[in-house]
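Chemist: I'd like to ask you about the structure that follows.
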Amino acid sequence: MNIVYVYYDHPQDRLSFEWQCAIPAKAINRTQRHSAHLLSLKDFINNTSQAQLLCESADVIVIHRRLIGAVLSTVQKWKAYDKKILLNLDTPVNTLTKEMPAYSFWYKGITACQNGDCIFGDEPLDPKPIEQLAWGLRLVDGVITPSERLSDDIGESIRCTYIPSFLDTDQYLKQTAAIHEGIVIGLGGDGNHFPGIKKSGVLQALGQVVQKRNQVQIVVFGGDQRIYDHLPVSARHKYLWPMIEQADWPRYLSRLDIGLAPLSGDFDQRSGSARLLEYMVMKIPWIGSESSVYRKFSQYGWLVPNSSDAWEKVILEMVDHLQDYRVEAAAEPYLYALSNDIDENINTILMAYENMGL
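The opening position of the sequence shown corresponds to residue 838 in the numbering used here, with each subsequent residue numbered one higher.
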């Protein structure tokens, strides 16, 4: 089988592209029985010689997220050549709110151009991308998503398959825990998760934890300044990490002693589980919100209801008995993460493509 992944080379899409396109493509090529190629959205819609070569030989073309604008007519072209085309969608666009960065694109048509490279044009898109996406869903052969809840939503109107995110474990196993003073707690996500983090009560809880345990430091990762600003902790106890390239991320992740994964609201309930898998493969004890998303991982970590008191109680417990929790994290949770290696599960992805009409 020959797969082509079409992606938008933009900072807002880069992390998702790694999980949904680049990591699977590398694993597919490692099978030596199948092949996968990465093709930029720009080349795809401009029908460059490379795009023609790759798409002509493709058994399936996977569009990552941006099924809008000139992508629609290009999809129609390749459909005329009887190509199977799937959409990979990991953003529950119907649940976006105005506080989320992705809202301005999907609902207002505002394109965030980079270095003057505006493949969708530099004017607000009309019709709005959320409307164009609805048209595009009628063109493709199916949708792939790493969220079970989102799969259920989409599956009411179009064929949709849930494929969880799998780890490239070699990236993480090369890292050892970084030696540092104090206890470092990690919290973060892209800007779309800020409303859920704020609503979960975890920020207030961390403020209380730092007051009671002076050795605790908080790292906010993902580059969202709003999370950092809303964290009621003095500047000497909190740090803001920018959005980090996936290749470098395990080195940063190794500095954490405890990982947090709060969820709240409709958008968060349609998240994937990649963050928890990363904590587990690095043997980092983690605490997450009680939710349908994380329920199946409850035996590998610690779930709490969304209240500041509940978060504070469990975080303090973990801080005070960190070594015990590290021992637990290095056992079954670690082994579970290893079982979610991309190479061990690549046939799940390939079979999903076959089952969607190939």
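Every residue, glycine too, gets a C-beta built ideally from N, C-alpha and C. Here the structure is a predicted model, which means the values were calculated and not measured.
So, does the stretch 992-1005 touch the stretch 900-918, judging by three or more C-beta pairs under 8 Å?
Modeler: Judged by Cβ distances under 8 Å, the stretch 992-1005 makes no contact with the stretch 900-918, as fewer than three pairs qualify.
Chemist: Check Asn931 in the structure and name its three-state DSSP category.
Modeler: Asn931: helix per DSSP, three-state reduction.
Chemist: Could you name the residues that DSSP lists as bridge partners for Cys788?
Modeler: Residue 788 lies beyond the stretch modelled for the chain, which goes from 838 to 1195, so this question has no answer here.
Chemist: Would you mind sorting Ala917 into buried or exposed? The rule is 16 or more other CB atoms within 10 Å of its CB.
Modeler: So Ala917 ends up on the exposed side.
Chemist: Just mark Val980 as buried or exposed, buried being the case when its beta carbon has 16 or more other beta carbons within 10 Å.
Modeler: Its Cβ being crowded by 16 or more others within 10 Å, Val980 is buried.
Chemist: Between the C-alpha atoms of Gly953 and Tyr1131, what's the straight-line distance to the nearest angstrom?
Modeler: Here Gly953 scores only 49 on pLDDT, less than 50, and its place in the model is too uncertain to base an answer on.
Chemist: For the alpha helix (DSSP H) containing Phe942, name the first residue and the last one.
Modeler: Its alpha helix (DSSP H) spans residues Pro938 to Lys945.
Chemist: Here's the rule: buried if 16 or more other CB atoms are within 10 angstroms of the residue's CB, otherwise exposed. What is Ile840?
Modeler: By the 10 Å Cβ count, Ile840 comes out buried.
Chemist: Given a cut-off of 7 Å on the beta-carbon distance, is the pair Ile1022 and Ile1055 in contact?
Modeler: A contact, by the Cβ cut-off of 7 Å.
Chemist: Distance, Cα to Cα, Gly1033 vs Met1117?
Modeler: Near 22 Å, if we compare the C-alpha coordinates of Met1117 and Gly1033.
Chemist: Specify whether the stretch 854-867 and the stretch 1165-1180 touch according to this definition: at least 3 beta carbon pairs, one from each stretch, less than 8 Å apart.
Modeler: Contact between the stretch 854-867 and the stretch 1165-1180 is present, because at least three Cβ pairs lie under 8 Å.
Chemist: For Val1046 and Leu1153, which I take to be in contact (beta-carbon distance under 8 Å), what is that distance rounded to the nearest angstrom?
Modeler: 6 Å between Cβ atoms; contact.
Chemist: Could you check where the beta strand (DSSP E) with Tyr1009 kicks off and where it finishes?
Modeler: That residue, Tyr1009, is in no beta strand (DSSP E); its alpha helix (DSSP H) goes Thr1006 to Leu1010.
Chemist: For the 8 Å Cβ check, are there 3 or more pairs between the stretch 1111-1126 and the stretch 1002-1012?
Modeler: Judged by Cβ distances under 8 Å, the stretch 1111-1126 makes contact with the stretch 1002-1012, as three or more pairs qualify.
Chemist: Taking the continuous alpha helix (DSSP H) assigned at Lys1036, which residues delimit it?
Modeler: Here the alpha helix (DSSP H) through Lys1036 covers Phe1031 to Ser1037.
Chemist: Would the stretch 920-932 and the stretch 971-979 be scored as touching if the rule is three or more Cβ pairs under 8 Å?
Modeler: These segments touch.
Chemist: Give the single residue among Asp846, His871, Ser1110 and Phe1104 whose Cα lies nearest to the Cα of Thr932.
Modeler: Per the Cα distances, Phe1104.
Chemist: Taking the alpha-carbon positions, what's the Phe1134 to Trp1148 distance?
Modeler: Distance between the alpha carbons of Phe1134 and Trp1148 is about 18 Å.
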